[in-house]
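Student: Quick note: the sequence shown uses UniProt numbering, first residue 1, plus one each step.
Cβ atoms here follow ideal geometry from the backbone N, Cα and C, with glycine treated the same way.
Would you mind keeping the following structure in view while I ask a few things?
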Amino acid sequence: MAYNLLEGTVPPGLGNLPFLEMYNIGFNKIVSSGDNGLGFITSLRNSTRLKFLAFDGNLLQGIIPESIGNLSKVLQKLYMGGNNFYGTIPASIGNLSSLTLLNLSYNAITGEIPVEIGKLENLQMLGLAGNRIFGRIPDSLGNLQKLNKIDLSGNELVGGISTAFGNLHSVLSLDLSNNKLNGSIPKEVLNLPSLTTIFNLSNNFLSPIPGTLGEVKGLGTLDLSYNNLSGFIPPDLQKLQALESLNLAFNNLEGIVPCGGVFTNLSRVQLEGNPKLSLKIGCGNAQDHRRKPVKVYVSVGVAVMATLVVFFSIVGWVQSAFPSRLLQVLDPELLLLMHNLFHDGRNINPEVQQECVITILGIGLSCTMNSPDSRISIRNALHKLKAARNNLLNHVPTHQASKY
Numbered sequence: 001m002a003y004n005l006l007e008g009t010v011p012p013g014l015g016n017l018p019f020l021e022m023y024n025i026g027f028n029k030i031v032s033s034g035d036n037g038l039g040f041i042t043s044l045r046n047s048t049r050l051k052f053l054a055f056d057g058n059l060l061q062g063i064i065p066e067s068i069g070n071l072s073k074v075l076q077k078l079y080m081g082g083n084n085f086y087g088t089i090p091a092s093i094g095n096l097s098s099l100t101l102l103n104l105s106y107n108a109i110t111g112e113i114p115v116e117i118g119k120l121e122n123l124q125m126l127g128l129a130g131n132r133i134f135g136r137i138p139d140s141l142g143n144l145q146k147l148n149k150i151d152l153s154g155n156e157l158v159g160g161i162s163t164a165f166g167n168l169h170s171v172l173s174l175d176l177s178n179n180k181l182n183g184s185i186p187k188e189v190l191n192l193p194s195l196t197t198i199f200n201l202s203n204n205f206l207s208p209i210p211g212t213l214g215e216v217k218g219l220g221t222l223d224l225s226y227n228n229l230s231g232f233i234p235p236d237l238q239k240l241q242a243l244e245s246l247n248l249a250f251n252n253l254e255g256i257v258p259c260g261g262v263f264t265n266l267s268r269v270q271l272e273g274n275p276k277l278s279l280k281i282g283c284g285n286a287q288d289h290r291r292k293p294v295k296v297y298v299s300v301g302v303a304v305m306a307t308l309v310v311f312f313s314i315v316g317w318v319q320s321a322f323p324s325r326l327l328q329v330l331d332p333e334l335l336l337l338m339h340n341l342f343h344d345g346r347n348i349n350p351e352v353q354q355e356c357v358i359t360i361l362g363i364g365l366s367c368t369m370n371s372p373d374s375r376i377s378i379r380n381a382l383h384k385l386k387a388a389r390n391n392l393l394n395h396v397p398t399h400q401a402s403k404y
C-alpha cells in the first residue's frame, strides 16, 4: 500500500491479524487524530510474526508510545521517518532485539539518544537524522558491532565522539555532521577499516587532521568542513585512491596542497575558507604545476548562484504546503523514475528507494522550520541531496547509471 494517495487514519483491527508478517503504508497522506491516534502501534503487538513495519513519509504526529517495545520479537525493519513524531525516543525500543534497521529520521524528536539502543546488537542501519536530539552520543552505540550505516546528522548533539565508536568495525557510512560536537577526532574512529562510503564529521572539531586517515583505503567521501582543524594537510591523504570527494573547506589549515591522489582532480576537492592555505600545488616533481594556482571556475559560481535561487524558492513553496499537502513537496517524476528503476530490470532495492525519498522529504521538512537556527543549511541540504543521488545510482548498473 506504499506510494499511493491513501488518506485518513490507520484502520482499527490490526490487532486481529496474528499472522501478519509485513505492513507497509509508507509515503501516503495518513494522519493520526485524537488521543488514540497512534493506537495502531500498540495493537500490532498481537502480530507476533511481524518482520517489516513501515509507515514513514506520512502525516502522523504525536509521542511515540512506550508500547512500541512490545512489537514482535522477530521485527527486523522499522521505518518511521518523515512524519512529525515529537517527544523522546522510548527506552523500550531496546526490546526489539531482532531489528536490523531503525529509521526515525526527519521528525521532531527531542531528548537524548537512549542508551537502550545499544541493546540492538543485530542493528545494521541506524537513522536519527534531522531531528532535535540533544545531549551526548551514548557509549552504548559502540555495542552495535554489526552497524554498517549510522546517520545522526542535523541534530543538536554535543560533546566529543566516544572512543567506543572504534568498535564499529563493520561501519561503511558514518555521518555526524551538522551537530554541535567538539574536541578531537578519536584515533579509534579514524582507524575504522571498513569505511567506504561517507565519512562526514562537519562540526566544531579541533586539532590537526590525523595522518592515519590515509590508512582508510576504501573511503569514497570525506567531509571535515566547517571545523576548527589546524595544521597541514597530511600527505598521506594522497593514498586514498578510492576517494572521490574531499571537503576540507572552512577550517584553519595552512601550508601547501598535495597533488597526488584525489588532489590531481581539483574539482573533487573543496578547500575554500582556509586563509592560511597556499592554493598552489605542492609537488616538487611537477614543474608545470608548481606555480599554477587552483582555478575557481566561473561555471561553479554560476551553478551555486542558480542553486541558491532555486533553494529559496523551494523553501517558500514547502512552507505553503506544510503540513496538510506535504507530499506535494515531492516531484511525481521522482516517484515515476524510481518505479521504473525497480520494474525495468534494474533491480533497485525498494529500501534504497525509500531511503532516497525520505531524505528528500526530510530536507523539505527541515527547510520549513520557523526558527532560522533550526533550519538545515544550504550546504547540508546540497550535501544530502548529492548523497541521496549517489546512493541511488550506486545500485544502478554502470552502463545504465550514466543516463541519470
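Would you kindly work out how many angstroms separate the C-alpha atoms of residue 260 and residue 103, rounded to a whole number?
Tutor: Computed Cα separation, rounded: 39 Å.
Student: Just the Cα atoms here: how many angstroms apart are residue 78 and residue 37?
Tutor: Using only the alpha carbons, I get a separation of about 18 Å.
Student: With 16 as the cutoff for other CB atoms within 10 Å, does residue 7 come out buried or exposed?
Tutor: It counts as exposed.
Student: Would you please state the rounded distance, in angstroms, between the beta carbons of residue 264 and residue 244? I believe it to be under 8 Å.
Tutor: About 12 Å; that fails the 8 Å criterion.
Student: Measuring alpha carbon to alpha carbon, tell me which of 156, 2, 276, 26 ends up nearest residue 137.
Tutor: Nearest option by C-alpha distance: 156.
Student: Residue 19: buried (16+ other C-beta within 10 angstroms of its C-beta) or exposed?
Tutor: When all chains shown are included, residue 19 counts as exposed.
Student: Please classify residue 80 as buried or exposed, where buried requires at least 16 other C-beta atoms within 10 Å of its C-beta.
Tutor: So residue 80 ends up on the buried side.
Student: Quick check: residue 111 and residue 85, are their CB atoms within less than 9 Å of each other?
Tutor: No.
Student: In or out: residue 16 buried (at least 16 other Cβ within 10 Å) or exposed?
Tutor: Classification of residue 16: exposed, given that the 10 Å Cβ count is below 16.
Student: What residues match up with residue 180 in a beta bridge as DSSP calls it?
Tutor: Partner(s): 158.
Student: With burial defined as no fewer than 16 other Cβ atoms inside 10 Å of the residue's Cβ, what is the status of residue 197: buried or exposed?
Tutor: With 16 or more Cβ atoms within 10 Å of its Cβ, residue 197 is classed as buried.
Student: Do residue 237 and residue 209 have their C-beta atoms closer together than 9 Å?
Tutor: Closer than 9 Å, so yes.
Student: Could you please give the first and the last residue of the uninterrupted alpha helix (DSSP H) stretch that includes residue 407?
Tutor: This structure leaves residue 407 out entirely; the chain is present only between 1 and 404.
Student: My parser needs the beta strand (DSSP E) runs of 3 or more residues fully inside the segment 199-279; what are they?
Tutor: Here the runs fully enclosed are 221-223, 230-232, 245-247, 252-257.
Student: By Cβ distance below 8 Å, which residues in the same chain neighbour residue 177 in space, the five residues on each side in sequence not counted?
Tutor: Excluding residues within five positions, the ones whose Cβ falls inside 8 Å are 153, 154, 200, 201, 202, 203, 223, 380, 383.
Student: Pull up the distance between the alpha-carbon of residue 234 and that of residue 387, whole angstroms please.
Tutor: Rounded to whole angstroms, residue 234 to residue 387 spans 25 Å at the Cα level.
Student: With DSSP as the reference, label residue 175 as helix, strand or coil.
Tutor: Three-state DSSP puts residue 175 in a strand.
Student: Am I right that residue 206 and residue 183 are in contact with their C-beta atoms under 8 Å? What's the rounded C-beta distance?
Tutor: The pair is a contact, with the Cβ atoms about 7 Å apart (cut-off 8 Å).
Student: Near residue 101, which residues of its chain fall below 6 Å by C-beta distance, leaving aside the five closest residues on each side in sequence?
Tutor: Counting only Cβ-Cβ distances below 6 Å, and skipping sequence neighbours, we find 77, 125.
Student: Ignore the nearest five residues each way along the sequence and tell me which others in residue 144's own chain have a CB closer than 6 Å to its CB.
Tutor: For residue 144, where only same-chain residues beyond five positions count, the Cβ hits under 6 Å are 123.
Student: Let me confirm a value: residue 12 is counted as buried when at least 16 other C-beta atoms fall within 10 Å, else exposed. Which label applies?
Tutor: Result: exposed.
Student: With C-beta atoms as the reference, is residue 93 less than 9 Å away from residue 58?
Tutor: For residue 93 and residue 58, no; Cβs fall outside 9 Å.
Student: Kindly give me the distance between the Cβ atoms of residue 25 and residue 55, rounded to whole angstroms, as I take these residues to be in contact under 8 Å.
Tutor: Confirmed, Cβ separation roughly 5 Å.
Student: Which one of 65, 389, 378, 360 has the shortest CA to CA distance from residue 27?
Tutor: Ranking the options by Cα distance to residue 27, first place goes to 360.
Student: Kindly indicate which three-state DSSP category residue 146 falls into: helix, strand or coil?
Tutor: Of the three classes helix, strand and coil, the one that applies to residue 146 here is coil, per DSSP.
Student: Please report the straight-line C-alpha distance between residue 253 and residue 179, rounded to a whole angstrom.
Tutor: About 21 Å.
Student: For residue 29, does the three-state DSSP call read helix, strand or coil?
Tutor: If DSSP states are grouped into helix, strand and coil, residue 29 belongs with the strands.
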